[in-house]
Each structure stands twice: as structure tokens, then as C-alpha cells.
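What follows is a set of notes on a single structure, which appears directly below.
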Amino acid sequence: MGVIVIGLNHKSAPLEIREKLAFDASETAVALRRLKDLVPQGEFVLLSTCNRVELYCAGERISRQVTGRLVRFLSDFHDVEPGCFESLLYFHENEDAVRHLLLVTASLDSMVVGEAQILGQVKDSYKLACAARSTGKVLNRLFHMAFFTAKRIHTTTSIATGRVSVAGVAVELAAQLFAELSQAKVVVVGAGETGELVVQHLLKAGCTDITVVNRSHERGAKLAERFHVALGAWEDLSRHIAGACIVISSAATQKYLYDKNTFEKSVDRPGARPLLIVDVGVPRNFEPSINEIENIYLYSIDELREVADQNLKAREKDIAQGLDLVYESAADFMEWFRARDVGPLIGRMKKEFKQIGRNELERFFVGPREEASCRLVLETMVNRVVNKLLHCVIKNVDTVAKETGPAEAARLVDTILQQAREISCESGNGEETAA
Numbered sequence: 002m003g004v005i006v007i008g009l010n011h012k013s014a015p016l017e018i019r020e021k022l023a024f025d026a027s028e029t030a031v032a033l034r035r036l037k038d039l040v041p042q043g044e045f046v047l048l049s050t051c052n053r054v055e056l057y058c059a060g061e062r063i064s065r066q067v068t069g070r071l072v073r074f075l076s077d078f079h080d081v082e083p084g085c086f087e088s089l090l091y092f093h094e095n096e097d098a099v100r101h102l103l104l105v106t107a108s109l110d111s112m113v114v115g116e117a118q119i120l121g122q123v124k125d126s127y128k129l130a131c132a133a134r135s136t137g138k139v140l141n142r143l144f145h146m147a148f149f150t151a152k153r154i155h156t157t158t159s160i161a162t163g164r165v166s167v168a169g170v171a172v173e174l175a176a177q178l179f180a181e182l183s184q185a186k187v188v189v190v191g192a193g194e195t196g197e198l199v200v201q202h203l204l205k206a207g208c209t210d211i212t213v214v215n216r217s218h219e220r221g222a223k224l225a226e227r228f229h230v231a232l233g234a235w236e237d238l239s240r241h242i243a244g245a246c247i248v249i250s251s252a253a254t255q256k257y258l259y260d261k262n263t264f265e266k267s268v269d270r271p272g273a274r275p276l277l278i279v280d281v282g283v284p285r286n287f288e289p290s291i292n293e294i295e296n297i298y299l300y301s302i303d304e305l306r307e308v309a310d311q312n313l314k315a316r317e318k319d320i321a322q323g324l325d326l327v328y329e330s331a332a333d334f335m336e337w338f339r340a341r342d343v344g345p346l347i348g349r350m351k352k353e354f355k356q357i358g359r360n361e362l363e364r365f366f367v368g369p370r371e372e373a374s375c376r377l378v379l380e381t382m383v384n385r386v387v388n389k390l391l392h393c394v395i396k397n398v399d400t401v402a403k404e405t406g407p408a409e410a411a412r413l414v415d416t417i418l419q420q421a422r423e424i425s426c427e428s429g430n431g432e433e434t435a436a
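Shown next as C-alpha cells:
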């Protein structure tokens, strides 16, 4: 039985690769069903965010050997040649894979350490996997431990204080470039979770002129009403951008909202006044070449790294505390993971011990003793002796588990089980001569 994770993130792969391999919710559901068809005995959870695409797998035959099949799966699903991304992938197995998920869920592996968004994203990914019936005993326990550990880290450290979300860093960048942020006209494109966080951070920064523009009018209206900001129509997006000082965009789209040509044609900026665009969408909302237009300053999510690194230095002590908790939880999970086979093995050992007792009784009650009146009494006595012997064996197995670990205990039980089977076969095949 193994647990692995294969993936890439903001540390290992550039944005142009991550966006090619990104999954939306509907694609995730389809992918999980295909993975179950590909490896029926496996358990799968697929995590896709703006900063990472990761596939978590568990199963009897899940090991490094299946990674080639998983790489081909990603390649075929997105129609991207393996050579474009294979060298950028990372692979973690068993305890390293467990630690990785715990680090990700607790936002210790995020571009912005301490951001709370990732916990919700991991939970959403797990829910999609549960709905697709692609999880099982191992990943269910692992992901619930990840949620518990993340909550523990966020409640016992100060890691989540300050501007730690990507949305917060985007607003922090805007504040660095605009001395009078409170006077700037800001357009927020997208009313999803990131868009909502952007609005919250803008209001905290003192912005008074915020317009939300979203493809779904209803969802945009709910966000605008909740935070008492303006609502713009999607079909008027170009006009709103033209009148803005700052645009922060996180719309869900598979294609650019604007390439350089369409931007120049549709966004009419009188006097070509400066415009800051912070594109935190994955896939990106604005073609990078738009940055070449005069007085347009376009930043993508990867370019927020410098601000994120500043926040990282301020949280070094909290990160150290968080890492201690991650390693502690990972060790607890691996203890369970290695011991999970001991229980079934003990059950089979009990069955074999009882079979030996029955075989010996059958050997005794033959010939003149076959109808002996003491049979019931002897059966009760033999069962009691077998149970006492089992109690002694199990007590010693528990001692081994505590002193040398569950893996060694499982090996001990497996050895006893094999010997019991041999004795059971011998006693079952033997003959007892009646006196």
C-alpha cells in the first residue's frame, strides 16, 4: 500500500505551464472518474489552484511505477506534450507525500504563507473527489488530518495575520504604486472567492471608488450589495477598464479576456493615462504583451512573489512552529498507516487458532468417543484455553508495536499467522486412533 503525490506549483513551474494543466470543477470530476477507470484499485484527489496542480493517489499498487501513467494521463487530458512539463513535476511518496499535503493545506507551501484561501480550495477538491467516489479509507483519513492540522496551526500561531492572501498582496502592490489609493478608481473583474477577498482588502485600504464586474450579473450583484460597492455590466467591461486607475482581475476563463490587439481597439484611454492591471487569474485574463502598451503596467500572479517574500520573512517564527505541528501530525498518520494491517492480521490469526482447537477436538472425538457426553464441556474448555493463549500473543504484539513500531508488529503477527496455518493444516490432516 502506498501514498503518492505528483504535481507542479509556483516554485517548480512557470505560470504558462501551470495554466495549461489547470482543471476547473467540471474537468476535475471528469478526470477523477477517468483515473478510477485507469487504476480501479486506487484512491484519487485532484487539487488545482492558481498556484498548483497536484494529484494525490493511494492504493495497493500505487508507487513510483505508476507515475509514468499519471504523466501520460495529464498529457492526454490537456493535450499537452509530456516534454513541456514532465521535468517540472515533483514526486513525493508515503511520509513525504503526507507532509506535503499537510504543508499545502496549512498554507506553509503557498506563495503567500499563511493565506487562508488554500484550506477552502483543498476542502473543495476533497468534496469533488468524494462526490466522484474516488476516495477511500486512506485518503479520507489523510485529508481530514490535513484539515485538522491546518486549523491547529492557524489557531495556535499568528501565521494568518496581516495581508497574506494573493488578493491582499495584489492590493498591497497597488498601494505601493499609488500613493493615494483611497482616491483611485478600482475595477475588480470577477466575483468569485478571490474577487471577494480583493474587495475586502481594498475597503480596508480605504478605497472608496470600487466597481465589480462579473460575467454572471447575479453573482456580481450579490457581492456588490454585500460590500456596498458599485456594479458594472459585463458587456461594458472595456469602458470600465478605460476609466480605471487600477484593475484587479481574477475571472474564471479558459482564454484571455484581452489580447494586445483587442485591448488597444476596445479600451479607449484618453491621454493614455497610467493604468495598473494586476492579473491573478489562472489561466491568465490578460495577454502578457499588453504590458508593452504605453503607460500600461501589467503584473501577473508570479510577479507578486517579491511582496510575498517580504511577508514570508516576517513569519519565520510562526513557520517554524507550523512545521513542528506538520511533522507531528505526519508521524501520527504514518503510525496509523503502518498499523492499519495489524488488526485484520490479528483477526485472521484468531480464526486460525480457533481452527486448530476445532481440529484437535475432531481428532479426539472419533470412534468410541464420538458420542461422548463430555463433548460440550471439552469444547468450552478448549475455546477458553485458545482465548487465553490469544490474549497472551496479542499482549506481546502490542508491546512490540509500542517498542519497535507497528510495521514490526505486523511482521510478527504475519509470521505467527503463517505458523498457525501450518499447524492447522497438520492437525486437520492427522488421524487420532481411538483407545
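Every position in the sequence shown, counted from 1, becomes a number in the working numbering once 1 is added. Each residue gets a CB set at the ideal place from its N, CA and C atoms; glycine is no exception. Fair warning: this is a prediction, and the values are worked out from it, not measured in the lab.
Buried or exposed for residue i, going by 16 or more other Cβ atoms inside 10 Å?
{"i": "Val-378", "result": "exposed"}
{"i": "Phe-334", "result": "buried"}
{"i": "Phe-149", "result": "exposed"}
{"i": "Met-146", "result": "buried"}
{"i": "Pro-284", "result": "buried"}
{"i": "Glu-432", "result": "With a pLDDT of only 48 at Glu-432, under 50, the local geometry of the prediction cannot be trusted, and no value is derived from it."}
{"i": "His-11", "result": "buried"}
{"i": "Ser-267", "result": "exposed"}
{"i": "Ala-435", "result": "Low local confidence applies: a pLDDT of 41 at Ala-435 is under 50, so the model's placement there is unreliable, with the coordinate-based value given in what follows. Under this definition Ala-435 is an exposed residue."}
{"i": "Ala-245", "result": "buried"}
{"i": "Arg-274", "result": "exposed"}
{"i": "Ala-26", "result": "exposed"}
{"i": "Arg-70", "result": "exposed"}
{"i": "Asp-269", "result": "exposed"}
{"i": "Arg-339", "result": "buried"}
{"i": "Glu-181", "result": "exposed"}
{"i": "Val-200", "result": "buried"}
{"i": "Arg-316", "result": "buried"}
Report back the beta-carbon spacing between residue i and residue j to the nearest angstrom; my notes put them in contact at under 8 Å.
{"i": "Leu-90", "j": "Gly-193", "result": "In fact, because the Cβ distance is near 27 Å, the residues do not count as touching under 8 Å."}
{"i": "Phe-179", "j": "Leu-204", "result": "Not confirmed; about 15 Å, so no contact."}
{"i": "Val-383", "j": "Glu-363", "result": "The Cβ separation is near 11 Å, so there is no contact."}
{"i": "Val-189", "j": "Ile-119", "result": "That belief does not hold up - the Cβ atoms of Val-189 and Ile-119 are roughly 21 Å apart, past 8 Å."}
{"i": "Ala-59", "j": "Val-114", "result": "Wrong, their Cβ atoms sit about 27 Å apart, outside the cutoff."}
{"i": "Ser-111", "j": "Asn-52", "result": "7 Å"}
{"i": "Asp-319", "j": "Ile-160", "result": "4 Å"}
{"i": "Phe-354", "j": "Leu-413", "result": "That pair is no contact at about 15 Å."}
{"i": "Gln-122", "j": "Thr-50", "result": "5 Å"}
{"i": "Glu-55", "j": "Val-72", "result": "With 8 Å as the limit, Glu-55 and Val-72 do not qualify as a contact, their Cβ atoms being about 13 Å apart."}
{"i": "Asp-280", "j": "Pro-15", "result": "With 8 Å as the limit, Asp-280 and Pro-15 do not qualify as a contact, their Cβ atoms being about 14 Å apart."}
From the DSSP output, in three-state form, read off residue i for me.
{"i": "Asp-415", "result": "helix"}
{"i": "Gly-244", "result": "coil"}
{"i": "Ala-436", "result": "Residue placement at Ala-436 is poorly supported in this model, since its pLDDT is 37, which falls under 50; the coordinates still yield a value, given next. Here Ala-436 sits in coil by DSSP."}
{"i": "Ser-13", "result": "coil"}
{"i": "Ala-212", "result": "Correcting the residue type first, residue 212 is Thr in the shown sequence and not Ala. Note: Thr-212 maps to strand in three-state DSSP."}
{"i": "Cys-58", "result": "strand"}
{"i": "Asp-80", "result": "coil"}
{"i": "Leu-321", "result": "Before going further, note that residue 321 is Ala rather than Leu in the sequence given. It is helical."}
{"i": "Phe-74", "result": "helix"}
{"i": "Val-343", "result": "helix"}
{"i": "Leu-47", "result": "strand"}
{"i": "Ile-294", "result": "coil"}
{"i": "Lys-186", "result": "strand"}
{"i": "Ser-330", "result": "helix"}
{"i": "Val-383", "result": "helix"}
{"i": "Asp-269", "result": "coil"}
{"i": "Ser-217", "result": "coil"}
{"i": "Asp-260", "result": "coil"}
{"i": "Phe-287", "result": "strand"}
{"i": "Ala-234", "result": "coil"}
{"i": "Arg-349", "result": "helix"}
{"i": "His-227", "result": "A small fix is needed here, since residue 227 is Arg in this sequence, not His. If DSSP states are grouped into helix, strand and coil, Arg-227 belongs with the helices."}
{"i": "Phe-86", "result": "coil"}
Validate contact between the region 359 to 370 and the region 396 to 409 using beta carbons, cut 8 Å, 3 pairs: no
Touch test, the region 25 to 40 against the region 324 to 344, Cβ-Cβ under 8 Å, three pairs minimum: no
Segment contact, 8 Å Cβ cut-off, at least three pairs: the region 343 to 363 with the region 207 to 222: no
At least 3 beta-carbon pairs within less than 8 Å: the region 96 to 105 vs the region 72 to 84: no
Start-end ranges of the alpha helix (DSSP H) lying completely within the region 94 to 146, minimum 4 residues: 96 to 106 and 118 to 132
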